[in-house]
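Enquirer: For the sequence shown, full-length UniProt numbering begins at 1 and goes up steadily by one.
For every residue, glycine included, the Cβ atom is placed at its ideal position computed from N, Cα and C.
All of these numbers come straight from a predicted model, not from anything done at the bench.
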Amino acid sequence: MVAYTEMAGQPWRETALRCTVASIGDALLTLGAGLLLAWRFKHRGARTRRVYLQGAFIGAACAVAIEWIAIFWGRWSYSDRMPQIPWLGVGLWPILQLTLLIPAALWIAAGWSGRPNRLSSRGV
1 MVAYTEMAGQ
11 PWRETALRCT
21 VASIGDALLT
31 LGAGLLLAWR
41 FKHRGARTRR
51 VYLQGAFIGA
61 ACAVAIEWIA
71 IFWGRWSYSD
81 RMPQIPWLGV
91 GLWPILQLTL
101 LIPAALWIAA
111 GWSGRPNRLS
121 SRGV
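#1: Since Thr-99 and Gly-59 are thought to touch, with beta carbons under 8 Å apart, how far apart are those beta carbons, to the nearest angstrom?
#2: Between the alpha carbons of Met-82 and Gln-10, how many angstroms are there, rounded?
#3: Report the rounded CA-to-CA distance for Trp-107 versus Tyr-52, giving the unit in angstroms.
#4: Would you call the CB atoms of Ala-56 and Pro-103 closer than 8 Å?
#5: Specify the secondary structure class of Gln-84 as computed by DSSP and reduced to three states.
#6: Which partner residues of Val-90 appear in the DSSP bridge assignment?
#7: Using 8 Å for Cβ pairs, my map puts residue 125 next to Trp-73. What's the rounded Cβ distance?
#8: Answer with buried or exposed for Ala-65, where buried requires no fewer than 16 other C-beta atoms within 10 angstroms of its C-beta.
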């Protein structure tokens, strides 16, 4: 975890618990976003561009909010190895992670449910 000052240079065993808790939080956030989008689009089909775009937006917005709060409360800070988004003052990797994770999870869930692919332009 060289991108975070508090964990840079720490052995894997010392960072495992903190990373596990963060991963559980990401999973719960992804589940919550998926349930929200499923409720919102329950009559429209599961695989439309709009669902994936809104999932990406929810992920990005939540990630920015989490990063701002964590930085404000001193939970973590970035090392020089974390690329930052200057106008937001947050790290790039956590924003990309949730922005991509939620649409990917929705796509996988739709595939497992056996729903047809509805990513055509008419599915928007």
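Expert: The answer reads as follows:
#1: Sure, about 5 Å apart at Cβ, within 8 Å.
#2: 16 Å
#3: 8 Å
#4: In this structure, Pro-103 lies closer than 8 Å to Ala-56 by Cβ.
#5: strand
#6: Ile-85
#7: Any answer about residue 125 is impossible in this case: the structure gives the chain only from 1 up to 124.
#8: exposed
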